[in-house]
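Quick mapping for you: the protein sequence lines, in order, are chains A and B.
Following the numbering used here, the numbering of the first sequence begins with 17 at its first residue and continues without gaps.
Following the numbering used here, the numbering of the second sequence begins with 2 at its first residue and continues without gaps.
Working notes, beginning with the structure itself.
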Amino acid sequence: MTDSDQSILGNQDPLLNKNTVSNQSRRKFLKQSGLATGGLVLGISLPQTTIAGFKMGEDSSFNPNAFIHIADDGDALIYCGRCEMGQGISTALSAAVADELEADWTRVSIKQGEGNAEKYGPQDTGGSASIRVMYIPMREAGAAAKVMLVAAAAKVWGVSAEECVAENHYVINTNNQQKLSYGDLASLAANESVPASVILKEKKDFKYIGKDIARHNQGDIVIGKLTYGVDTKLPGLRYAAMTHCPVMGGKLKSVDKAAAMQVKGVLDVIEIPRFEVPFGTLGGVAVVADNTWTAQQALKKLKIEWDLGEHQRYDTNVYKAQLVKNVERPAQVASERGDITQAFAEAEHVIKATYTGGHLSHAPMEPNASVVWVQKNSCEVWAATQSPGDIQTVLAQYLERDPKDIYVNVTMAGGAFGRKFKCDYVHEAAVLSQAVNAPVQLIWSREEDMRTGYYHSINAQHIEAAMDKDGNVTGWLHRAAFPAIASLFDPSLDRAPASALGDIDNHPFGIANYRSESGKAIAHTRIGWYRAVYAIFYGFAFGSAVDELAYKTKKDTLSLLTNIYDNNKNPEQAEQVARSKGALVMAAEKSNWANRDKLPNNQGLGIAVHYSFNSYVAMAVRVEAKGDDIKVLEVDVVVDCGQVLNLDSATAQMEGAIVMGMSLSLRTEVVFRNGAVVNSNYHNYPVLRINEMPQVNVYFVENDFKPTGLGEPGLGPFAPALANAVFAASGKRYRDLPFKPMSL
Amino acid sequence: MSQSININDKSYPIDVEADMPLLWFLRDKLELTGTKYGCGMGICGACTVHLDGQAVRSCVMPVSAVAGKTITTIEGLSATGDHPLQKAWLANKVPQCGYCQSGQIMNAASFLATNKTPTSNDIDNAMQGNICRCGTYQRIKQAVSDAADEMYKEA
Numbered sequence: 017m018t019d020s021d022q023s024i025l026g027n028q029d030p031l032l033n034k035n036t037v038s039n040q041s042r043r044k045f046l047k048q049s050g051l052a053t054g055g056l057v058l059g060i061s062l063p064q065t066t067i068a069g070f071k072m073g074e075d076s077s078f079n080p081n082a083f084i085h086i087a088d089d090g091d092a093l094i095y096c097g098r099c100e101m102g103q104g105i106s107t108a109l110s111a112a113v114a115d116e117l118e119a120d121w122t123r124v125s126i127k128q129g130e131g132n133a134e135k136y137g138p139q140d141t142g143g144s145a146s147i148r149v150m151y152i153p154m155r156e157a158g159a160a161a162k163v164m165l166v167a168a169a170a171k172v173w174g175v176s177a178e179e180c181v182a183e184n185h186y187v188i189n190t191n192n193q194q195k196l197s198y199g200d201l202a203s204l205a206a207n208e209s210v211p212a213s214v215i216l217k218e219k220k221d222f223k224y225i226g227k228d229i230a231r232h233n234q235g236d237i238v239i240g241k242l243t244y245g246v247d248t249k250l251p252g253l254r255y256a257a258m259t260h261c262p263v264m265g266g267k268l269k270s271v272d273k274a275a276a277m278q279v280k281g282v283l284d285v286i287e288i289p290r291f292e293v294p295f296g297t298l299g300g301v302a303v304v305a306d307n308t309w310t311a312q313q314a315l316k317k318l319k320i321e322w323d324l325g326e327h328q329r330y331d332t333n334v335y336k337a338q339l340v341k342n343v344e345r346p347a348q349v350a351s352e353r354g355d356i357t358q359a360f361a362e363a364e365h366v367i368k369a370t371y372t373g374g375h376l377s378h379a380p381m382e383p384n385a386s387v388v389w390v391q392k393n394s395c396e397v398w399a400a401t402q403s404p405g406d407i408q409t410v411l412a413q414y415l416e417r418d419p420k421d422i423y424v425n426v427t428m429a430g431g432a433f434g435r436k437f438k439c440d441y442v443h444e445a446a447v448l449s450q451a452v453n454a455p456v457q458l459i460w461s462r463e464e465d466m467r468t469g470y471y472h473s474i475n476a477q478h479i480e481a482a483m484d485k486d487g488n489v490t491g492w493l494h495r496a497a498f499p500a501i502a503s504l505f506d507p508s509l510d511r512a513p514a515s516a517l518g519d520i521d522n523h524p525f526g527i528a529n530y531r532s533e534s535g536k537a538i539a540h541t542r543i544g545w546y547r548a549v550y551a552i553f554y555g556f557a558f559g560s561a562v563d564e565l566a567y568k569t570k571k572d573t574l575s576l577l578t579n580i581y582d583n584n585k586n587p588e589q590a591e592q593v594a595r596s597k598g599a600l601v602m603a604a605e606k607s608n609w610a611n612r613d614k615l616p617n618n619q620g621l622g623i624a625v626h627y628s629f630n631s632y633v634a635m636a637v638r639v640e641a642k643g644d645d646i647k648v649l650e651v652d653v654v655v656d657c658g659q660v661l662n663l664d665s666a667t668a669q670m671e672g673a674i675v676m677g678m679s680l681s682l683r684t685e686v687v688f689r690n691g692a693v694v695n696s697n698y699h700n701y702p703v704l705r706i707n708e709m710p711q712v713n714v715y716f717v718e719n720d721f722k723p724t725g726l727g728e729p730g731l732g733p734f735a736p737a738l739a740n741a742v743f744a745a746s747g748k749r750y751r752d753l754p755f756k757p758m759s760l
Numbered sequence: 002m003s004q005s006i007n008i009n010d011k012s013y014p015i016d017v018e019a020d021m022p023l024l025w026f027l028r029d030k031l032e033l034t035g036t037k038y039g040c041g042m043g044i045c046g047a048c049t050v051h052l053d054g055q056a057v058r059s060c061v062m063p064v065s066a067v068a069g070k071t072i073t074t075i076e077g078l079s080a081t082g083d084h085p086l087q088k089a090w091l092a093n094k095v096p097q098c099g100y101c102q103s104g105q106i107m108n109a110a111s112f113l114a115t116n117k118t119p120t121s122n123d124i125d126n127a128m129q130g131n132i133c134r135c136g137t138y139q140r141i142k143q144a145v146s147d148a149a150d151e152m153y154k155e156a
C-alpha cells in the first residue's frame, strides 16, 4: 500500500508535458472524501490556465483536476471539478476517463467535486472551456489508472504487462484468457507506480468518446430527486427573501421594518451591506422567516426608501438611440489593416447598415439560490454556482477567514448561462446566516432575479462594406458601441476597450482593408457574460450585412461568404478558413440551399456561419413569414468542434442554442426606465415556448481536430441566419434584436 | 379540527397559514423538493402537480383550497420511477439542467390521461404552459408522443 504523493508523468508525449498524474495520498483522500472502501485513487493536475482574461487556478503546487477512485468492489467513482448546469460536462468528461480506463460505464458513478481549487484545479466554468482544457488530462488520468491495473494483474499472473489487456472492467491474460476484475485489482494497483507516460487510445478504439451517452443524472431528474441550489434542507434551516435597490449604484436610505416584523413566522429583517469586490452583492434588505413564502410576503410589507444614485435616468430606448448615433459617426479605432479609405473610394458597390440589440437576462429556470451556514469555526455553502472559488475568496474576506475554511458544496444548477458565475446571492445568504446564527436558504424571487442581473450588453453596430468590380469584398468597417463587461471593474470606461472587439477583428474573413472602431457607451447597469457574449451581436451584424450586400449585388449569399473566406490568404488562419467554409457548405447542402427558389410562397431560407469559442457553427434557417408573423420551420445546424465528446449533449447544446436564439431574436429584451428594469417575470420576458419549436437537425463535421466546447458557439450564427431567411421570405430586413414590427 | 391533505398517498395536516401556496407547503414544510419554484405566478409550469389527477400550478394554489383533496407530485407519479413518461424521458434523453422537467412530466401525465392519440398540435397546446430555458422542447414533444404510444398501444 502506497502513501506517496509523487507526481511522475513524464514529458515524452507532447500532449502530456504539462499535466501531472499522481497516486494520491490515499489515507488523506479517503478522509477528505468520506469514502468507506479502499482501492485505487488517482488525481490529475493541470497547469494554470486562463479563460476570458482571468487568471485561473492558484499556484504551481499539485493541483489535481479530477479524481478517480476504484473501490475493492470494483465500483468506479469519478469526481468532476467543473460545475454542472445542464451542459452535460460531468458526463462528457467522465466518459472520456472511462474510455481510457476501459471501464464498464454501468460501474461508473460521478460525483460533483466541492469547491477546492487545490484539489481539482480551476473550477470556474465558463467560456465553453471545460472540454478544451480538460479533455486530454481527464483521458490521461483514466489511461494511467488502467496501466496500473494491468501492471497489478501482470504481477499476479507472473507475466509481462504486454501479455495482458484491459477490457470492460477486467484485465485479461491473453495467454489463457484468465480474468481479474478491477475490484480484485484496485488495492494491488495502488502499490504500482504511476506510469511515466501513457499512450492514449486511437479514435477507432473509442468506446464512449464521441458516442451518444445519456447524462448520468437524468434518472434522478425524472423522479424529482436531483438536488439543485434551491433544494438543500438542513435541520434548523431558515428561509429568506430579499430585495435590492432597483438602480445600479443606489443605496438604502431607510427601511421601516415594523409591518414586516409583525408577520407571523418572521424572524428578522436584516440590512445587507454592499460588498466592494468584483461580483459582490449590491446590498439590500432581506427578511428571514420560517419558510420562503412568509419571507416573500413580509418583504412586500417593508417600506423602503432608496437613494437611487447617478443611474436613475437610465432609459434603454433613449440609450439605444444614442448608441446608434455613436456608431453612425467616427469613433475610436480599435483595429486596422490595409487602407479602408482607398477601398471605399475604388468600390463598385457599397452598403451601410446599422444593427442593434437589447439587454438580455439569463433567466434560468432556477433563480439565484443557495444555503449558507456560518458558524464560529466553519462556513459551509450549498450553491448552484459556476465559480465556487470566487465564493471562497469573497466569503473568506468578509468573514476574515482562510478561503480553505469556506466549504462550498456545488449543487446542480437549474440553468445558469453565465449568471451563476457571479455569486452575489451566496454573499447575501452568508450575511443572513451570520446574523441569525442559523443555516439560511436565500431564494431570489423571479422578479428579483430579472431585475438584479448582470445583463447582456445593449448594443449598436454600424457596418460599411465595399465590393470591387470583380465581386470581391475589399473594405469593411465594423463600428460597435456597447457597454462592456470591463465596466464592472472600471466604471469610468466610456466605451468598450479594443480587446472587446478582438472577436470580430480576428475573425477569419478575407477582407484586406478593415477597420473596427469602438463608439461611446457608458454602462448604467451591471453587464455580464451571457451565453455566447459578444458573439451574439458580432454574428448578427456580420452575417446580416453579408446577406444585404449579396442581395444588393444580386449574388448568392453562400457564394459571397465562400468568396470572403477564399480571399483570406493568411496562412495562420488557413485552418479557420477551411473549417468555417466546410461547415457553411455542409449547411447549404443539408438545407438544400441550391433549390431555395422552389420554396413555397412566404417561405425563405437564410444561412450564416460563425466562429466563436474555438468552434465553428453554420446554420440554415427556413421560415414562413407573413407580415411580421414569423414562424421558424426548420434549422439545419452544422458543427465543427473537432472530436465530439458526447454526441448527445453536443446535439442538445445546439438545440438549446436555437431555442435561446429564437427567444432573443423574436421575443426577449430587458428594458430600463428611470434606471430600473421594467420586466419582472416570464409574462413580460417571454422566452420561447414549445409551440414555436422548429424542427432542428444537427450534424457534426467528422475530423481529427482536438475537441472544443459547445456551450456558446450555437448562438452566433442563429440570429443572422434567421434575419436572412425572413428577408428572403418577406422582404423585411430586421436589424434590431429582438425583431420589431415594421412596414415595408 | 385541523384540515388535512393527501399527498402521494399519505395524509398530512395543514399546519401553515391558509394562504401559503401548495408549492411552499410541499417544499418547505414537507421537504418534497421535486416540485420547483420558477415564477410564482403560474406561468412557467415548473411547480406543476396533480390535484385529483388534474395538472395544476402549485405556486398559485393556496394550500387551504386543496384541503381534503388528493395531490400527486413528481415523487409520487410512480412507485418505481417507471411511468411511461419517465421511461420516454430517459429514452429520448430529454433533460439538460432538468429543473423544469418535474413540471413538464407532471403536465404531460395529466394531458395523456385524457388524450390517447395526441397530435403534434395537441402536444404544443397542452405543453405550452411549461417553459424550458435550456431548450429541450424537441425532445419533450417526441417523449410525450412516445409515451402515448406506449400507454395506449393495442393490447
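Cβ coordinates follow ideal geometry from the N, Cα and C atoms, glycine included.
At a cut-off of 9 Å, the C-beta of B:V95 has a neighbouring C-beta in chain A.
Per DSSP, A:N475 is one residue of the beta strand (DSSP E) stretching across 475-483.
Cβ contact annotation for A:G491 (same chain, cutoff 6 Å, sequence separation greater than five): I356, A359, F360, A482, N529, in chain order.
Taking the C-beta atoms as reference points, A:Y470 is found nearer than 9 Å to A:G544. Residues of the region 118-140 of chain A with a C-beta atom less than 9 Å from some C-beta of chain B do not occur. Taking a 10 Å sphere around the C-beta of A:L315, we find 16 or more other C-beta atoms and assign the residue as buried.
For A:K162, the closest C-alpha among the options A:G555, A:A205, A:G672 is that of A:A205.
Residue-level contact check: A:M101 touches chain B, since one or more beta carbons of chain B fall below 9 Å from its beta carbon. Using a CB distance below 8 Å, the part of the region 702-716 of chain A facing chain B consists of V703, L704, R705, I706, N707, M709, Q711, V712, ordered along the chain. Cβ-Cβ separation between A:P736 and A:E650: approximately 17 Å, too far for a contact (criterion under 8 Å). Inclusion of A:T107 and A:I126 in the CB contact set at 9 Å is warranted, their separation being smaller than that value. Around B:W90, the same chain offers A144 as residues with beta carbons nearer than 6 Å, after the five sequence neighbours per side are excluded. Straight across, the Cα-Cα distance linking A:R353 with A:Y581 is about 17 Å. Across the region 671-702 of chain A, CB contacts with chain B closer than 8 Å involve E671, G672, A673, I674, V675, M676, N697, Y698, H699, in sequence order along the chain.
In terms of beta-carbon proximity, A:N307 lines the interface with chain B, with at least one pair separated by less than 9 Å. In the structure shown, the three-state DSSP call for A:Y550 is coil. Chain-ordered listing is empty here: chain A has no CB closer than 8 Å to the CB of B:T115, the nearest sitting near 18 Å.
Taking a C-beta cut-off of 7 Å against chain B, the contacting residues of the region 375-387 of chain A are A379, P380, M381, E382, listed in chain order. When the Cα atoms are used, A:F721 and A:R148 turn out to be separated by approximately 11 Å. DSSP, reduced to helix, strand and coil, places A:M258 within a strand of the structure shown.
Taking a Cβ-Cβ cut-off of 8 Å, the neighbours of B:L91 in chain A comprise A230, Q234, G235, V238, given in sequence order. The beta-carbon distance between A:V301 and A:T259, rounded to whole angstroms, is 6 Å. This is short enough to meet the 8 Å contact definition. Only residues of its own chain outside the window of five on either side were considered, and among them P723 have a CB closer than 6 Å to the CB of A:Q659, listed in chain order. With contacts defined as CB atoms closer than 9 Å, A:Y255 and B:Y100 fail to qualify as a contacting pair. In the DSSP annotation of this structure, the continuous segment of the beta strand (DSSP E) that includes B:N7 starts and ends at 5-8.
Fewer than three pairs of CB atoms, one per stretch, sit closer than 8 Å, so the region 693-702 of chain A makes no contact with the region 15-25 of chain B. With contacts defined by Cβ atoms closer than 9 Å, A:L753 and A:F553 form a contacting pair.
C-alpha of A:I623 to C-alpha of A:A170: approximately 57 Å in a straight line. Residue pairing from DSSP leaves B:C98 without any beta-bridge partner.
Annotation for A:D656: R595, A599, Y632, V717 place their beta carbon closer than 6 Å to its own, counting only its chain and skipping 5 residues before and after.
Classified as exposed, A:K280 has fewer than 16 neighbouring CB atoms from the shown chains inside 10 Å of its CB. With a threshold of 16 other beta carbon atoms within 10 Å, B:D10 falls short and is exposed. Residues of chain B with a Cβ closer than 9 Å to the Cβ of A:R462 are, in chain order, Y38, G39, C40, G41, M42, C45.
Burial state of B:T115 is exposed, judged by a 10 Å Cβ sphere holding fewer than 16 other Cβ atoms. Annotation: B:C48 to A:K249 spans about 18 Å, alpha carbon to alpha carbon.
Chain order gives the chain B residues near A:K280 as E18, where near means a beta carbon separation below 8 Å.
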